[in-house]
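Visitor: This note's numbering numbers the first residue of the sequence shown as 345 and each following residue consecutively.
Take a look at this one; I'll ask things after.
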Amino acid sequence: MESQNEQQEKTGLGNYFIANYPPFSFWKHDYLPQALETYQKPPASGTPLGLYLHIPFCRKRCKFCYFRVYTDKNAKDIENYTNALVQEVKLLSEQPCVGGRPLDYVYFGGGTPSYLSASQLEQLIKQLQEIFPWHHAREVTFECEPGTLQQHKLQLLRDLGITRLSLGVENFKPEILQFNGRAHLEEEIYRAMNWARALNFPQINLDLIAGMVGEDWDNWKECVRKTIQIGPDSVTIYQMELPYNTVFSKELKMADDPAPSSSKQMGIADWPTKRAWVDYAFAEFLAAGYSISSAYTVVKNKSDTSFVYRDALWRGADMFGTGVASFGHMNGVHIQNLDTWESYIDKLNRHELPLGRAFPTTPRDRLIREMILQLKTGHLRKEYFLQKYKIDILQEFHIGFQQLQQLDLLTVNSDSVDLTRTGFLQIDRHLPTFFDPQYRSDRYT
Ligand code: SF4
């Protein structure tokens with residue numbers, strides 16, 4: 345029989361990646377009046393404003409995917425959705441909380457934004473820019489699935505001001521891509537990269553996942569080698585998790601034994617193996633001249649490769665999250681949109697904001713949120729939090745830092761905290777150490 349520790353190291357059901365705080369399960373429909381109120385307030389001085397646009401279409405549903413995506417929509421549906429999205433951006437651009445701020449960053453995420461045709465994209469982006477221009481944005485990111493790209497579509501994106509392309513590659517091996525439900529082929533990765541390079545996009549990111557079903561050491565090494573050979577500006581490496589409501593999780597639940605040990609039989613690597621794969625990847629990328637910029641990211645030229653969207657969010661920026669089920673943050677209130685197609689479109693057809701649930705944060709919530717998110721970059725500065733929150737985090741959270749230091753996950757200095765390499769590989773699962781007690785035990789959804 346396996347020990348509890350061995351069980352915990354298997355990939356069981358649930359989320360590992362921590363994207364926000366307090367956890368989503370505490371956000372409530374009942375808090376919507378506070379969300380509406382916060383839109384009426386002027387912004388806090390010096391707070392940047394961003395715009396996230398959710399494009400929820402994909403060619404196929406990957407078996408590990410838990411995002412709100414649709415694979416059965418036709419051109420008319422897409423038109424209805426993009427019209428609703430434009431309407432939503434229009435309503436938001438008129439809210440007092442904008443306060444005359446220009447957009448600092450824009451992010452097209454999904455789903456698969458590149459699933460839209462060139463003409464659909466041109467129409468959408470031009471309409472959006474007329475309503476809420478982003479000429480001064482420091483970064484405009486666009487997520488792509490390699491198999492949906494053509495040269496003329498990339499040319500259009502470049503012409504429309506996209507500065508950062510993010511390619512969802514995940515793996516190179518055809519059998520693994522196919523078994524995990526990915527729609528693209530290996531040759532489409534190289535084709536897309538060559539086009540993007542030739543068009544001089546300022547920044548190209550490539551995503552990998554350590555631990556897709558069927559992964560093994562030899563193939564992972566090949567994935568890392570091929571990525572280094574391609575040489576993107578940054579590489580984001582996720583560790584495969586099994587959130588609820590994915591195809592794989594449902595298969596796992598139907599297995600005779602739904603315990604984490606069944607995941608191994610399905611060909612899902614355990615956490616120590618995934619960490620070893622990320623560790624190997626970090627070492628290879630470092631040897632190739634890259635630097636580690638967060639628990640998931642390596643960058644080629646650290647001095648001139650930023651990720652404005654991530655860094656702004658992790659420093660408490662405001663952001664309108666638009667599109668079905670999207671998440672945003674305004675003036676201290678977390679907000680999520682309605683999460684069904686019908687309800688989202690219906691609200692916008694009635695010219696109302698499609699809000700689903702919210703959470704008004706306290707200054708302490710915001711301090712903890714920024715601290716745990718910034719810890720993922722590997723470095724916390726005491727001075728930053730003293731200035732912004734008037735709190736010495738090294739004193740306030742010294743027990744948590746001490747616990748993590750004892751586990752060799754970080755080192756505490758007189759004015760900063762630094763993650764160790766061991767810490768980089770597994771920081772997410774230790775972040776609840778800093779959660780206030782009422783938020784600690786809840787399932788992270
Ligand atoms: S392409 Fe991305 S968003 Fe679409 S199903 Fe796959 S993982 Fe999910």
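Beta carbons: idealized from backbone N, C-alpha and C, even for Gly.
Quick caveat, the model's predicted, so the values are computed rather than measured.
Enumerate in chain order the residues of its own chain whose CB-to-CB distance from Val450 is below 6 angstroms, with the five nearest sequence positions on each side excluded.
Guide: Correct list, in chain order: Leu395, Trp478, Ala481 and Val484.
Visitor: Would you report the Cα separation of Ile422 and Gln499, rounded to the nearest angstrom?
Guide: Going by the C-alpha atoms only, they are around 22 angstroms apart.
Visitor: Between Leu719 and Ile771, is the Cβ-Cβ spacing less than 8 angstroms?
Guide: In contact: Leu719 and Ile771 (Cβ atoms closer than 8 angstroms).
Visitor: Return the Cβ separation of Asp614 and Thr355 in integer angstroms, given the expectation that the two are a contact with Cβ distance under 8 angstroms.
Guide: The Cβ separation is near 6 angstroms, so the contact holds.
Visitor: How long is the line joining the alpha carbons of Val430 and Ala542, rounded to whole angstroms?
Guide: Going by the C-alpha atoms only, they are around 31 angstroms apart.
Visitor: Give the secondary structure of Met663 by DSSP, where H, G and I count as helix, E and B as strand, and everything else as coil.
Guide: Of the three classes helix, strand and coil, the one that applies to Met663 here is strand, per DSSP.
Visitor: With Glu585 as the anchor, note down where its beta strand (DSSP E) starts and where it stops.
Guide: No beta strand (DSSP E) holds Glu585; DSSP gives it neither H nor E.
Visitor: Residues around the ligand SF4, please: the condition is that the C-beta lies closer than 6 angstroms to some non-hydrogen atom of it.
Guide: Selection output, chain order preserved: Cys402, Arg405, Cys406, Cys409, Phe411, Val413, Gly454, Gly455, Thr456, Glu489 and Gly512.
Visitor: Restricting to Cα atoms, I'd like to know which of Leu357, Leu511, Phe545 and Ala656 is closest to Gln534.
Guide: Gln is not the amino acid found at residue 534; the sequence shown has Tyr there. Of the listed residues, the one whose Cα sits closest to Tyr534 is Leu511.
Visitor: Judging by CA-CA distance, which residue of Ser461, Lys434 and Val579 is the nearest neighbour of Gly633?
Guide: With distances taken between Cα atoms, Gly633 lies closest to Val579.
Visitor: Going by Cα to Cα distance, which pick from Pro386, Leu380, Pro392 and Tyr383 is closest to Leu657?
Guide: Comparing Cα positions, the closest option is Pro392.
Visitor: Should Pro576 and Ile548 be called a contact, given that it needs their Cβ atoms to be closer than 8 angstroms?
Guide: A contact, by the Cβ cut-off of 8 angstroms.
Visitor: Does Thr706 pass the burial test, meaning 16 or more other C-beta atoms within 10 Å, or should it be called exposed?
Guide: Per the 10 Å Cβ criterion, exposed.
Visitor: If you draw a straight line from the C-alpha of Thr777 to the C-alpha of Gly744, how long is it?
Guide: Rounded to whole angstroms, Thr777 to Gly744 spans 6 angstroms at the Cα level.
Visitor: Ordered along the chain, which non-local residues of its own chain (more than five positions away) have a Cβ less than 6 angstroms from that of Glu353?
Guide: These residues qualify, in order along the chain: Asp614, Trp615 and Pro616.
Visitor: Is Met674 closer than 8 angstroms to Tyr383 when the C-beta atoms are compared?
Guide: Contact flag set, yes.
Visitor: Span of the beta strand (DSSP E) holding Tyr396?
Guide: Segment Leu393 to Ile399, the beta strand (DSSP E) holding Tyr396.
Visitor: Quick one, are the C-beta atoms of Asn524 and Lys407 less than 8 angstroms apart?
Guide: Their beta carbons are under 8 angstroms apart, which means Asn524 touches Lys407 by this criterion.
Visitor: With H, G and I counted as helix, E and B as strand and the rest as coil, what does DSSP make of Asp448?
Guide: The answer is strand: DSSP assigns Asp448 an E or B state.
Visitor: Residues in the same chain with beta-carbon distance under 6 angstroms from Ala428, minus the five sequence neighbours each way, listed in chain order, please.
Guide: Same-chain partners within the cutoff: Ile689 and Leu692.
Visitor: Thinking just about the alpha-carbon of each residue, which of Gly443, His528 and Gln573 is nearest to the one in Arg403?
Guide: Of the candidates Gly443, His528 and Gln573, the one whose C-alpha sits nearest the C-alpha of Arg403 is His528.
Visitor: Figure out for me which residue from Glu474, Gln731 and Tyr640 has the closest Cα to the Cα of Gly767.
Guide: Taking only the C-alpha atoms, the option nearest Gly767 is Tyr640.
Visitor: Alpha helix (DSSP H) containing Glu714: first to last residue?
Guide: From DSSP, the alpha helix (DSSP H) with Glu714 extends over Pro707 to Leu719.
Visitor: Whole angstroms are fine: how far does the CA of Arg713 sit from the CA of Tyr783?
Guide: Their backbone Cα atoms lie some 12 angstroms apart in a straight line.
Visitor: In whole angstroms, what is the alpha-carbon distance linking Asp759 and Ile737?
Guide: So the two alpha carbons sit approximately 10 angstroms from each other.
Visitor: Taking only three categories from DSSP, how would you classify Leu682?
Guide: Three-state result, Leu682: coil.
Visitor: Opposite Cys488 in the DSSP bridges: which residues?
Guide: BP columns for Cys488 point to Leu511.
Visitor: Hey, would you say Ala379 sits closer than 8 angstroms to Ala702, going by beta carbons?
Guide: Yes, these two residues count as a Cβ contact at 8 angstroms.
Visitor: Among Trp685, Phe545 and Leu357, which one has its Cα closest to the Cα of Asp503?
Guide: Here the closest residue by C-alpha is Phe545.
Visitor: If you check the beta carbons only, do Ser638 and Lys646 fall under 8 angstroms apart?
Guide: Taking 8 angstroms as the Cβ cut-off, Ser638 and Lys646 do not qualify as a contacting pair.
Visitor: Where DSSP assigns a beta bridge to Gln495, which residues make up the other side?
Guide: Answer is none; Gln495 lacks a bridge partner.
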